[in-house]
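So the sequences go chain by chain: Z and Y.
For the first sequence, our numbering begins at 568 and goes up steadily by one.
For the second sequence, our numbering begins at 568 and goes up steadily by one.
Glycine is no exception: its CB is placed at the ideal position from the N, C-alpha and C atoms.
First up is the structure itself, then whatever we jot down about it.
Number of protein chains: 2
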Amino acid sequence: MARKKQYNEEEVIEKATGLFWRNGYEATTVRMLEKEMGINQFSIYSSFGNKQGVFLESINAYKKRIYDITDKLAKSNNGKAGIKQYFYDFLEFARDEDMNKGCLVTNTVNEIRDDTDPVIMEELMKFANEIKQLFIDNLLQDESKTEEIADGQANYLMNCILGLSVSSKVYDQSQLNSIIEITFLNI
Amino acid sequence: MARKKQYNEEEVIEKATGLFWRNGYEATTVRMLEKEMGINQFSIYSSFGNKQGVFLESINAYKKRIYDITDKLAKSNNGKAGIKQYFYDFLEFARDEDMNKGCLVTNTVNEIRDDTDPVIMEELMKFANEIKQLFIDNLLQDESKTEEIADGQANYLMNCILGLSVSSKVYDQSQLNSIIEITFLNI
DNA sequence: ACTAAAACTAAGCATTTGCTTAGATATTAT
DNA sequence: ATAATATCTAAGCAAATGCTTAGTTTTAGT
């Protein structure tokens with residue numbers, strides 16, 4: 568009855584994800600997306616509505632990609648050691664050739680301003696809270712810990728991994744490793 | 568022989584500083600600067616050359632403002648306790664009514680992308696290294712520490728304060744205090 | 001008072017932004 | 001084959017960006 572799409576939506580979102588990851592939300596323009604996704608602006612808008620729509624799909628694609636390591640953390644029962652492993656897994660996951668792209672989500676959290684799109688804010692916070700909850704769960708595997716202590720330590724760890732997402736663009740691998748080691752001395 | 572400026576350059580830069588602080592470099596437009604500084608675009612460009620010029624002057628103004636607490640750290644001889652005090656001083660310095668603006672410099676470091684203006688990058692790195700050096704100096708007041716250990720711990724602290732600059736926009740005061748306490752448990 | 005120069009106002013410029021639309025092209029049920 | 005319709009290309013839109021310029025106003029030395 569009608570023409571078929573000449574692209575696969577999942578495939579082009581994969582490409583968009585890489586672009587947002589490297590550049591952040593605001594700095595990624597529709598023209599850049601057009602080039603990277605290999606489809607016309609019309610197709611972008613007809614498939615995903617608007618730039619925000621592409622980004623929300625990209626967050627989902629990102630979640631799928633990172634699932635391996637979050638799942639590993641979810642299933643871990645090594646407490647603090649499991650979280651530390653997550654930090655290392657994350658750095659490896661985020662490495663791109665010789666530079667480090669950080670985390671798509673934390674990169675975008677770093678863009679937060681007064682006028683940041685509330686829909687995107689909500690999606691970011693949702694993801695961040697999922698990670699924080701994984702930290703809490705793993706911390707509570709040490710049964711001497713109260714929930715209050717675990718919550719505070721989880722905030723501390725979130726703070727460190729937010730920092731790491733920025734630091735990873737400035738520091739080299741051995742410095743990053745050393746930062747992670749010191750980070751886990753404190754909990 | 569000619570007309571006098573109807574504004575004071577220092578005063579208008581003070582105003583620009585606040586704007587960059589709240590919004591970051593990229594998101595601050597010349598129209599916003601015009602409004603906030605209370606002078607016409609012509610005057611902005613004739614006094615400071617371009618947007619980057621306004622920003623570089625703003626970093627200087629920011630350095631002057633933060634001088635009180637960096638100087639306190641420079642003169643401190645309480646080692647780790649002095650740095651911790653710096654973290655608390657910094658949070659107070661960055662507080663704006665009930666929200667937190669973070670640090671002008673770390674906010675801008677968070678904007679780092681491949682195409683970030685190299686002149687600005689250099690200025691930011693210079694400031695960051697000054698702070699890191701203060702951390703090292705204070706850490707070395709504990710004479711049992713090697714320079715290598717101090718350098719690693721300083722990287723760790725820079726990572727935490729980078730994170731704090733973002734976290735401070737999301738977490739409340741008591742959570743931030745708790746993050747700082749944990750940060751300093753084991754160095 | 002006159003003149004020269006600096007500082008002002010406000011309009012305008014080229015480029016880039018997110019998004020839309022007009023019209024050509026391909027696909028499929030009949 | 002035809003007709004219906006989804007998808008494509010490419011041009012275009014208004015708004016916003018950093019920056020400039022034409023032209024007026026103010027000041028100070030003569």
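Going by beta-carbon coordinates alone, are residue i and residue j separated by less than 8 Å?
i, j, result
"residue 723 of chain Z", "residue 749 of chain Y", "yes"
"residue 636 of chain Z", "residue 673 of chain Z", "no"
"residue 718 of chain Y", "residue 619 of chain Y", "no"
"residue 753 of chain Y", "residue 744 of chain Z", "no"
"residue 574 of chain Z", "residue 616 of chain Z", "no"
"residue 585 of chain Z", "residue 678 of chain Z", "no"
"residue 623 of chain Y", "residue 735 of chain Y", "no"
"residue 707 of chain Y", "residue 715 of chain Y", "no"
"residue 613 of chain Y", "residue 576 of chain Y", "no"
"residue 594 of chain Z", "residue 680 of chain Y", "yes"
"residue 711 of chain Y", "residue 670 of chain Y", "no"
"residue 721 of chain Z", "residue 693 of chain Z", "no"
Any beta-carbon of chain Z closer than 8 Å to the one on residue i?
i, result
"residue 733 of chain Y", "yes"
"residue 598 of chain Y", "no"
"residue 619 of chain Y", "no"
"residue 661 of chain Y", "no"
"residue 626 of chain Y", "no"
"residue 746 of chain Y", "yes"
Verify the CB distance criterion: does residue i have a CB-CB separation below 8 Å to chain Y?
i, result
"residue 736 of chain Z", "yes"
"residue 749 of chain Z", "yes"
"residue 752 of chain Z", "yes"
"residue 591 of chain Z", "yes"
"residue 700 of chain Z", "no"
"residue 648 of chain Z", "no"
"residue 742 of chain Z", "yes"
"residue 770 of chain Z", "A query on residue 770 of chain Z cannot be resolved here, the shown segment of chain Z reaching from 568 to 754 and no further."
Give me, in chain order, the residues of the same chain whose beta-carbon lies closer than 8 Å to that of residue i; leave out the 5 immediate sequence neighbours on both sides.
i, result
"residue 738 of chain Y", "746"
"residue 709 of chain Y", "646, 647"
"residue 607 of chain Z", "601"
"residue 666 of chain Z", "736"
"residue 686 of chain Z", "619, 623"
"residue 603 of chain Z", "582, 583, 585, 586"
"residue 697 of chain Y", "637"
"residue 688 of chain Y", "679"
"residue 609 of chain Y", "none"
If I measure Cβ to Cβ from residue i and keep anything under 7 Å in the same chain, skipping five residues before and after, which residues do I get?
i, result
"residue 649 of chain Y", "640, 643, 705"
"residue 589 of chain Z", "668"
"residue 701 of chain Z", "637, 640, 641"
"residue 600 of chain Y", "583, 586, 611, 621"
"residue 691 of chain Z", "672, 675, 676"
"residue 628 of chain Z", "580, 581, 584"
"residue 633 of chain Z", "660"
"residue 625 of chain Z", "580, 583, 584, 587"
First and last residue of the alpha helix (DSSP H) that includes residue i?
i, result
"residue 615 of chain Y", "608-615"
"residue 746 of chain Z", "740-750"
"residue 637 of chain Z", "618-642"
"residue 691 of chain Z", "685-706"
"residue 757 of chain Y", "There is no way to answer for residue 757 of chain Y, as the model of chain Y reaches only from 568 to 754."
"residue 598 of chain Y", "597-604"
"residue 589 of chain Y", "576-590"
"residue 649 of chain Y", "647-661"
"residue 674 of chain Z", "671-676"
Please work out which residues of its chain come closer than 6 Å, Cβ to Cβ, to residue i, disregarding the five sequence neighbours upstream and downstream, and give them in chain order.
i, result
"residue 726 of chain Y", "none"
"residue 695 of chain Y", "none"
"residue 651 of chain Z", "751"
ask   = When Cβ atoms are compared, which residues of the segment 714-733 of chain Z fall closer than 8 Å to chain Y?
value = 719, 720, 722, 723, 725, 726, 727, 728, 729, 730, 731, 733
ask   = Of the residues that make up the segment 676-692 of chain Z, which ones have a beta carbon closer than 9 Å to any beta carbon in chain Y?
value = Answer set for the segment 676-692 of chain Z: 676, 677, 678, 679, 680, 681, 682, 692.
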